[in-house]
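Counted the way the working numbering counts, the sequence shown spans residues 21 to 316. Where a beta carbon is used, it is the ideal one built from N, C-alpha and C, also for glycine.
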Amino acid sequence: MGKTGKESTKRSALLLRALDSIDRNAYDEFEKYLIFGGILEEFLSDAKRPGHGEEDDRLMQVEALGEAIGELCAESTARRGRISAARRTSLDSPSEERRALRGLERLKKLGMGGMATELQRLWDVPYAPAATAHADHERDFLDAHFAQEVLKKLPKIVSRVSTLDALDLPAKVPDEVRQYFGEAHRCYLYGFSIACAVLCRALLESSLANEIDPKGMIKKVLDPRKSYVFELAKRATNNKRLADTPSGWVEEIKCAGDKAIHNLKAFKECWEGKPGEVLDKTRKVLEDLYGSRQPG
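The structure is reproduced here in structure tokens:
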């Protein structure tokens with residue numbers, strides 16, 4: 021696994037700009053085209069824009085005011101979605117820290133400081149969805165929040181996946197192993213390092229068990245005080261099935277998964293800032309294990 025590249029993608033940048041326009045309600049369809057944001061405003065006003073002069077200046081001020089209000093609408097929609105999502109998916113209180121709002125800054129530059137101050141006061145009142153809130157409105161707020169969240173993750177997803185080499189495993193891999201493998205990688209790509217470590221540990225044990233103890237006989241007779249994973253790894257090493265796996269890797273992978281489940285503080289102390297290391301070692305163990313499989 022190599023170093024990650026520049027964390028930016030063309031599609032995420034363009035789609036985030038489009039989402040901003042959608043949240044402002046500054047978009048429209050024109051024949052087979054979708055028109056967003058400032059381009060839409062310019063497109064619709066070109067035909068009626070007067071020449072240079074006082075009328076033109078007034079029109080520009082109106083457009084600037086519209087942009088400022090649009091910014092506030094987009095920020096308000098994102099805020100409501102963020103709070104609504106937190107109430108459903110987090111044990112923490114929704115963050116209500118005072119923020120520098122782009123729309124308010126625009127109003128101040130337009131000489132509307134009084135309006136900006138009043139709007140900031142209203143903004144600082146904690147938002148709580150009404151019990152009678154329309155379900156469609158809540159869904160729209162959630163849609164706005166998660167669309168932004170997913171797109172903001174896209175550059176890192178692309179950066180992380182581009183560092184992974186193709187893994188050439190045999191076609192006949194148990195479904196259980198395939199599912200663990202796929203979900204461990206998705207957790208890594210989306211930045212869920214705790215879940216990734218747990219799944220890597222499950223992937224390791226499942227792969228070793230299917231290859232070394234397919235009938236479960238070793239597990240039945242193993243002293244319960246001993247580690248099943250370590251016993252499988254020892255037998256695989258003795259049988260030259262893990263000939264290229266460095267000593268200690270199996271223990272590291274198992275330990276990371278165990279700590280992620282039972283001791284989160286210890287897991288973070290060992291693995292914070294190294295989200296891909298456990299997965300990288302797990303991939304190499306699998307490559308060694310399945311690559312040494314005898315034909316037939």
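Taking all protein chains shown into account, do 16 or more other C-beta atoms lie within 10 angstroms of the C-beta of K280, making it buried, or fewer, making it exposed? The sequence shown places Ala at residue 280, rather than the Lys named in the question. That one is buried.
Look up D188 in the DSSP assignment and say whether it is helix, strand or coil. coil
Can you tell me the Cβ-Cβ gap for L306 and S227, rounded? I've got them flagged as a contact below 8 Å. Your pair L306 and S227 checks out as a contact, with CB atoms roughly 6 Å apart and the cut at 8 Å.
Could you please give me the residues that DSSP links to L54 through a beta bridge? E49
Does DSSP put R261 in a helix, in a strand, or in coil? In the three-state scheme derived from DSSP, where H, G and I count as helix and E and B as strand, R261 is classed as coil.
Backbone CA spacing between E225 and S179 [nearest angstrom]: 29 Å
Classify K301: buried if its beta carbon has 16 or more other beta carbons within 10 angstroms, exposed otherwise. buried
Grab the span of the alpha helix (DSSP H) containing T302 for me, first residue to last. E297 to G311
What are the start and end residues of the alpha helix (DSSP H) that includes L223? S213 to I232
From T265, A253, R206 and K304, residue whose alpha carbon lies closest to that of K176: Residue nearest to K176 within the set T265, A253, R206 and K304 is R206 (criterion: CA-CA distance).
Would you report the Cα separation of K274 and P266, rounded to the nearest angstrom? 14 Å
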